[in-house]
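All remarks here apply to the structure that follows.
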Amino acid sequence: MGSGSAPASMAVVTNSTCDTLYDHRKYARVLIPIFYCVVFTVGLLGNALALHVIRINLKKINSTTLYSLNLVISDILFTLSLPLRIMYYAQGFHWSLGEALCKISGFLFYINTYAGVNFMTCLSVDRFIAVVLPLRFAKFRKVSNVRYICLGVWMLVLAQTVPLLGMDMTNREPQNFTTCMEYPNFEKVDNISTILIGAVFLGYIIPVVTILVCYSFLSSKLHLSAKNNHLTEKYGRSRKAIGVICCVSVVFVICYSPYHIDIFQYMIRKLVSNPDCADLTAFQVSLHITVCLMNLNSCLDPFIYFFACRGYKRKLLKLLKRQVSISFSSAARTSPEGSSKDFIDGHKMQHNSERLMERKSHEHDQSREPRQNDGTYRISFHMNST
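Letter by letter, the sequence shown follows residues 1 to 386 of full-length UniProt numbering.
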């Protein structure tokens, strides 16, 4: 039952007798790169826009803005680590860039994944304090204190991830290709089962429980507020905030649960028995699927920003209108001379109409802007935590 003997025996199975671990690579080398290309494109563009919107509002910096800024940075850094993984999967799980670059790739991959988890947790606690306990724990929301909390989060994740640099992440497979950052490569590590079970508790169970508890209390508080203000404007804001909270919670659970549950159940099995080659192969295939699902979170974050943050939505719509305007202009230049004037005149009228509607919408939003101390509204504006 000791975990020390289990990895040793499994290492023999992995390296000498289990040759089915990567039988699925002929499909994976097509599907996984396509998936990650979408995640990379949407995640990078969406989070870059979110970073731009946050940067514009840095003069009004508060605790939520700081946590959101760090969360967006972690998402961007994560997406920037994806091209090397895309190349690795496209080559059929073959890593040709050496051990050092594999370690750097894995280090960036994991540090930004779990930095995101921790900043999501910080955002949930921050919103809980702002709405449920605004006076009692107000000191934890001071910008000067939040800066130290953000620094502490990065240092914590760094401490958790640095040990990876001391492990061998590449392995030469019998089929004559080199894998990088795959689970079987870590089988030789002593007490790997205990280490990974601890990592699941620290990196998933504690954050998910914290997020769900905070958002449950938050939803209850907002529901009570909406009930007491059923015919007022505050009712609509409370209902929107509850919807965003539910969306954030569901996305987090769906994206992160399968991967961590998969690891947890397999490590428990390793502690009580020695899974055979078929079990290890099934676990390896499931890891590739659940890791993709977990990484989808960085791609979904911008959509939550869109529905939760008015500034993000306005900026995105403005960019889309500008793109449509450029397309109209291009079409006008290539149209026949006789109809180009009418086309351009009609486009100008449409453009002016759009600008007028946008200005009226903006003035209407400002006239409905609640007071700064209205915690119920701020939760809907800043609920960009997943």
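From the three backbone atoms N, C-alpha and C, an ideal C-beta is built for every residue, glycine too.
(1) Can you tell which of Ser-124, Tyr-204, Pro-184 has its C-alpha closest to the C-alpha of Val-244?
(2) Of all the beta strand (DSSP E) runs that stay within the bounds of the region 20-67, which reach a length of 3 or more residues?
(3) Looking at Val-200: is its Cβ nearer than 9 Å to the Cβ of Met-167?
(4) Assuming contact is defined by CB atoms lying nearer than 9 Å, are Gly-98 and Phe-177 in contact in what I supplied?
(5) Buried or exposed for Met-169, please, with buried defined as at least 16 other CB atoms from any protein chain shown within 10 angstroms of its CB.
(6) Look at Ala-115 and Asn-70 and say whether their C-beta atoms are less than 9 Å apart.
(7) Does the region 20-37 come close enough to the region 51-60 to have 3 or more Cβ pairs within less than 8 Å?
(8) Which of the three DSSP states, helix, strand or coil, is assigned to Cys-18?
(9) Contact defined as beta carbons within less than 8 Å: I believe Tyr-259 pairs with Asn-297. What is the distance between those atoms, to the nearest angstrom?
(10) Based on the DSSP output, what are the partners of Thr-179 in its beta bridges?
(11) I believe Ser-63 touches Arg-136 by the beta-carbon criterion, under 8 Å. Please report the beta-carbon distance rounded to the nearest angstrom.
(12) For the alpha helix (DSSP H) containing Phe-128, name the first residue and the last one.
(13) Can you give the beta carbon distance from Val-143 to Asn-118, rounded, assuming they're within the 8 Å contact cut?
(14) Does the contact criterion of 3 or more C-beta pairs under 8 Å hold for the region 77-84 versus the region 40-51?
(15) What number of angstroms, rounded off, separates the C-alpha of Arg-85 from the C-alpha of Leu-212?
(16) For Cys-102 versus Cys-180, is the C-beta spacing smaller than 9 Å?
(17) Assign residue 394 to one of three DSSP states: helix, strand, or coil.
(18) DSSP three-state label for Val-189, please.
(19) For His-94, which three-state DSSP category applies?
(20) Under 9 Å between the Cβ atoms of Ile-263 and Leu-196?
(21) What are the start and end residues of the alpha helix (DSSP H) that includes Asp-279?
(22) Indicate whether Leu-218 and Arg-127 have their beta-carbon atoms separated by less than 9 Å.
So, from the listed chains and residues:
(1) In the sequence shown, the residue the question calls residue 244 occupies position 244. Selected option, being the one with the closest Cα: Ser-124.
(2) none
(3) Sequence index remark: in the sequence shown, residue 200 carries index 200 (1-based). Sequence index remark: in the sequence shown, residue 167 carries index 167 (1-based). The answer is no: Cβ separation not under 9 Å.
(4) Residue numbering aside, residue 98 sits at position 98 when the sequence shown is read from its first letter. Residue numbering aside, residue 177 sits at position 177 when the sequence shown is read from its first letter. In this structure, Phe-177 does not lie closer than 9 Å to Gly-98 by Cβ.
(5) The residue you call residue 169 lines up with position 169 of the sequence shown. By the 10 Å Cβ count, Met-169 comes out buried.
(6) Position 115 of the sequence shown, counted from the first residue, corresponds to residue 115. Position 70 of the sequence shown, counted from the first residue, corresponds to residue 70. It is a contact, given that the beta carbons lie within the stated cut-off.
(7) no
(8) Here residue 18 corresponds to residue number 18 of the sequence shown, with the count starting at 1. Correct three-state label for Cys-18: coil.
(9) For this step, residue 259 is matched to residue 259 along the sequence shown. For this step, residue 297 is matched to residue 297 along the sequence shown. The Cβ separation is near 10 Å, so there is no contact.
(10) Position 179 of the sequence shown, counted from the first residue, corresponds to residue 179. Paired residue(s): Asn-171.
(11) Against the sequence shown, residue 63 aligns to sequence position 63. Against the sequence shown, residue 136 aligns to sequence position 136. Their Cβ separation, rounded to whole angstroms, is 15 Å, which puts Ser-63 and Arg-136 out of contact at 8 Å.
(12) Position 128 of the sequence shown holds residue 128. Start and end: 98-131.
(13) By one-based count along the sequence shown, residue 143 stands at place 143. By one-based count along the sequence shown, residue 118 stands at place 118. Between Asn-118 and Val-143 the Cβ distance is about 19 Å, and since that is not below 8 Å, they are no contact.
(14) yes
(15) The count along the sequence shown starts at 1 and reaches residue 85 at position 85. The count along the sequence shown starts at 1 and reaches residue 212 at position 212. Looking at the two C-alpha atoms, the distance is approximately 32 Å.
(16) Taking the first residue of the sequence shown as position 1, residue 102 is located at position 102. Taking the first residue of the sequence shown as position 1, residue 180 is located at position 180. Yes; because the gap between Cβ atoms is below 9 Å, this pair is in contact.
(17) This structure cannot settle anything about residue 394, because the visible part of the chain is limited to 1 through 386.
(18) Working through the sequence shown from its first residue, we reach residue 189 at position 189. Reduced to three states, the DSSP call for Val-189 is coil.
(19) Taking the first residue of the sequence shown as 1, we reach residue 94 at position 94. DSSP places His-94 in coil when its eight states are reduced to three.
(20) The residue you call residue 263 lines up with position 263 of the sequence shown. The residue you call residue 196 lines up with position 196 of the sequence shown. Yes.
(21) As a position in the sequence shown, residue 279 is number 279, starting the count at 1. Per DSSP, Asp-279 belongs to the alpha helix (DSSP H) from 277-295.
(22) Along the sequence shown, read from residue 1 onward, the residue named residue 218 stands at position 218. Along the sequence shown, read from residue 1 onward, the residue named residue 127 stands at position 127. Yes, they are a contact pair.
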